[in-house]
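Going line by line, the protein sequences match chains A and B.
With the first sequence counted from 1, adding 22 to any position gets you our numbering.
With the second sequence counted from 1, adding 13 to any position gets you our numbering.
Have a look at the structure below, then the notes.
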Amino acid sequence: MWEYSEKVMDHYEHPRNVGEVQNANAVGEVGSIVCGDALKLTLKIDGGLITDARFKTFGCGSAIAAASALTEMIKGRSLEEASRITNKDIAGFLGGLPEEKMHCSVMGQEALEAAIADYRGVKKEVHKEDEGEIVCKCFSVTDQKIKRVALANNLHTVEEITNYTKAGGGCGACIPKIEDLLEEVWRGESARKAPGGRLTMVQKIKRIEEVLEEEVRPILKRDGGDLELIDVVENKVIVRMMGMCQGCHASELTTKGLVQEKLRELVDPTLEAVEDVPG
Amino acid sequence: MSQARVYLDNNATTQIAPEVLEEMLPFLRDKYGNPSSAYSFGGNLQKDLERARDRTAALFSCHPTEIVFTSCGTESDNFAIRGLVDAYPEKTHVILTKVEHPAVKNQAPYLRKKGLRVTEIGVDRQGRLDLAELAAAMDNETLLVSCMLANNETGVIFPLEEICRIAKEHGVFVHTDAVQAVGKIPLDFSRLPVDLAAFSGHKFHAPKGVGGLFVRRGLKIRPFLIGGHQERSRRGGTENLASIVGLGRAAELAAGRLGEEATRVRDLRDRLERGILRSIANSEVNGDPEHRVPNTTNVGIHFIEGEALLLALDKQGICASTGSACASGSLQPSHVLRAMGVPFTCVHGSLRFSLSTYTTPAEVDYVLETLPVIVGRLRELSPFRSLREIEAFGA
């Protein structure tokens, strides 16, 4: 069972603003029953102000909570303010969502975008144009959406993309394509952070060694631990924990939290640190 | 709100029967010796081990030497399939069904990687196996058919006798994942000519961490866990004696509950099912109602989502499960219901209740009082009230 915050449970059990606004002048419908969640948002917009917002949701507990939260967040706000609300804001309002449920907050943001587009008479054309090419056939997710959500939420791995958009969570056939898109999204970023443009493999390994030597090992040594670089396979940096770190319960946390963060910050934001467990 | 737990998820796991725990305790306290040791400490532990084997064999009407104890159902399935594949390297084709438990289903990529062909046989809208497709899939290279006896999600029972007959005509071995059938329906391996059958203790009131594999006498099979001489060298590793003793006792208890008690559970299940169908519009049973284990019902409730249902049921102290994508963590809804061609609206809103010998009529009535209220509340939230509205959505 998922770990939901108290706020999520509260909004799930006592959802606010359920139903449909009478004489709504902005309607957003997103999701589908095939994917397992759908949201219909109806708004009354008056003089640039959202005077009423109601929702109907087919979906799990967090989908209901995210929709309920959204209506609370936008009621009484100007269209201008509301249009700046992101999925992160929705998740934040709820005291966080489990990673695997972040797509519920994305659905909220998309329903809002669709409703505003509807009000402005763009009639979802905004989304149609934005649709691009379908990458994930199981959940009908386009390349544009993947790129947009990756950038907005600083997502670097396929797993994260799946949690936020569901893409890649079905048959998995599109995972290589998602990897390419992530590469495309973050290539510019990595060039910016690492002077001299894209690193060659040799440069990359050298840089990884430097960062491990200067930034990571001193911290581990303080606790009597150490680590060794075993290999670099594409974007996977394989390290072996040594000393006190070896077999430590928190070693995965160290690998992901410390090693990976440092490497992403200082070498390449697409790097993934993996612990090599001696056989 | 606090109330007693109503546990209706017995296909996931069951409580340890008090009688089982009682018999296990001495082996967790004083009789902790190794059955392989030569001294008499703790009494003759070999004898306790073999008594458990006799009791287990009695449940299946097979010979005790045909029972190999393992750690769980998944190990037993792995042992059966890999052990047979390794014993017959000249055979290159394995048949599974599309509705197998992951313990069997996920062998397919492994087998394909090894260079074997794997065929997965489909089911109809009621979850019944397509026997014509099964017969047509067999050829000279086919080694094995692995098909479950009872489905964990719907409770649908496959006609194993018929499957064995078809397989034997083609000289093909049959393994059955019987995990969800043991303790629910009578099994007689002296009559039913399967070659291998996997079972798991915690599905019938023994503890978790113990299971077994029926291996027909004379069958050539490679050990899966290579090690010491335990289990006649077919499964190395010191025996989990306390749990095996528990499994033996649970098998004995189960044997005594296959008659009248099974009928009592079936009646309760039917009462629950009828009550749900009567009180909730747009609900339907998933799976062939004629050929099912007596404790399981899978109901699809249209226009609402299963995880939301489970959350609300849990608040009222009721434990059940769903085939919805959102509850699984995999984003994919139940492969079983999808293979049956159940529409998505019904898959996402599917609820499985699985009863046990400890289920009471009062518990069933409590669910029947509670569920319609929850469904009513969630349907209030749903943008859909009809299939037409689903089709029109977002258009």
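Glycine included, each C-beta is placed from N, C-alpha and C at the ideal position.
For residue i versus residue j, is the C-beta distance shorter than 7 Å?
{"i": "A/T7", "j": "A/I86", "result": "Summary: the structure shown does not reach residue 7 of chain A, with chain A confined to residues 23 through 301, and so no result is reported for it."}
{"i": "A/V233", "j": "A/L249", "result": "no"}
{"i": "A/V52", "j": "A/E132", "result": "yes"}
{"i": "B/N164", "j": "B/V107", "result": "no"}
{"i": "B/I134", "j": "B/T155", "result": "no"}
{"i": "A/V157", "j": "A/T187", "result": "no"}
{"i": "A/L65", "j": "A/A137", "result": "yes"}
{"i": "B/R18", "j": "B/G261", "result": "no"}
{"i": "B/P199", "j": "B/G259", "result": "no"}
{"i": "B/A180", "j": "B/V187", "result": "yes"}
{"i": "B/V228", "j": "B/L209", "result": "yes"}
{"i": "B/D90", "j": "B/D190", "result": "yes"}
{"i": "B/L38", "j": "B/G46", "result": "no"}
{"i": "B/V136", "j": "B/A333", "result": "no"}
{"i": "B/V33", "j": "B/A263", "result": "yes"}
{"i": "A/G58", "j": "B/A325", "result": "no"}
{"i": "B/L254", "j": "B/F40", "result": "yes"}
{"i": "B/L323", "j": "B/T335", "result": "yes"}
{"i": "B/E320", "j": "A/C82", "result": "yes"}
{"i": "B/L226", "j": "B/A93", "result": "yes"}
{"i": "B/P307", "j": "B/R279", "result": "yes"}
{"i": "B/P396", "j": "B/I293", "result": "no"}
{"i": "B/M161", "j": "B/V185", "result": "no"}
{"i": "B/I317", "j": "B/L266", "result": "no"}
{"i": "A/K97", "j": "A/A75", "result": "yes"}
Is it buried or exposed, residue i, if we count other Cβ atoms within 10 angstroms and call 16 or more buried?
{"i": "A/C196", "result": "buried"}
{"i": "B/E303", "result": "exposed"}
{"i": "A/M223", "result": "exposed"}
{"i": "A/K123", "result": "buried"}
{"i": "B/Q243", "result": "buried"}
{"i": "B/G224", "result": "buried"}
{"i": "A/C193", "result": "exposed"}
{"i": "B/T78", "result": "exposed"}
{"i": "B/A30", "result": "buried"}
{"i": "B/I88", "result": "It is worth fixing the name first, because residue 88 of chain B is Glu in this sequence and not Ile. Buried, by the Cβ-count rule."}
{"i": "B/E393", "result": "exposed"}
{"i": "A/Q44", "result": "exposed"}
{"i": "A/P291", "result": "buried"}
{"i": "B/A116", "result": "buried"}
{"i": "A/V302", "result": "Outside the displayed span of chain A (23 to 301) sits residue 302 of chain A, for which this structure offers no information."}
{"i": "A/D165", "result": "buried"}
{"i": "B/T373", "result": "exposed"}
{"i": "B/S246", "result": "exposed"}
{"i": "B/Y371", "result": "exposed"}
Mind reading off the beta-carbon distance from residue i to residue j? Whole number of angstroms is fine, and I expect it under 8 Å.
{"i": "A/V259", "j": "A/V296", "result": "7 Å"}
{"i": "A/R38", "j": "A/T93", "result": "6 Å"}
{"i": "B/V169", "j": "B/R138", "result": "The Cβ separation is near 11 Å, so there is no contact."}
{"i": "B/G96", "j": "B/R235", "result": "5 Å"}
{"i": "B/S367", "j": "B/N24", "result": "4 Å"}
{"i": "A/A91", "j": "A/I67", "result": "Wrong, their Cβ atoms sit about 19 Å apart, outside the cutoff."}
{"i": "B/T309", "j": "B/V298", "result": "Contact doesn't hold; Cβ gap of about 11 Å is too wide."}
{"i": "B/C75", "j": "B/F217", "result": "Wrong, their Cβ atoms sit about 17 Å apart, outside the cutoff."}
{"i": "B/T167", "j": "B/G300", "result": "3 Å"}
{"i": "B/F357", "j": "A/I200", "result": "Rounded, the Cβ-Cβ distance is 23 Å, inconsistent with contact."}
{"i": "A/L293", "j": "A/L285", "result": "5 Å"}
{"i": "A/M263", "j": "A/G247", "result": "7 Å"}
{"i": "B/P48", "j": "B/E252", "result": "5 Å"}
Under the DSSP definition of a beta bridge, which residues are partnered with residue i?
{"i": "A/A17", "result": "Since the displayed chain A opens at 23 and closes at 301, residue 17 of chain A lies outside it and no answer follows."}
{"i": "B/N311", "result": "B/R365"}
{"i": "B/H106", "result": "B/R130, B/T155"}
{"i": "B/T83", "result": "B/G224"}
{"i": "B/G184", "result": "BP columns for B/G184 are empty, so no partner."}
{"i": "B/D22", "result": "B/S367"}
{"i": "B/R305", "result": "B/V169"}
{"i": "A/G50", "result": "A/L63"}
{"i": "A/E231", "result": "Answer is none; A/E231 lacks a bridge partner."}
{"i": "A/C158", "result": "A/V163"}
Q | Segments of 3+ residues assigned as beta strand (DSSP E) that fall wholly inside the region 244-269 of chain A | A | 247-255, 258-265
Q. Of all the alpha helix (DSSP H) runs that stay within the bounds of the region 329-402 of chain B, which reach a length of 4 or more residues?
A. 338-341, 348-352, 357-361, 374-394
Q. Hey, which unbroken runs of the alpha helix (DSSP H) at 4 residues or more fall wholly within the region 167-193 of chain A?
A. 180-187
Q) Which runs of the beta strand (DSSP E), 3 residues or longer, sit entirely within the region 188-266 of chain B? A) 209-213, 224-228
**Q.** Minimum length 4: unbroken alpha helix (DSSP H) runs contained in the region 73-136 of chain A
**A.** 83-96, 101-104, 109-115
Q.
What ranges does the alpha helix (DSSP H) occupy inside the region 20-82 of chain B, keeping only unbroken runs of at least 4 residues that lie completely in it?
A. 31-42, 58-73
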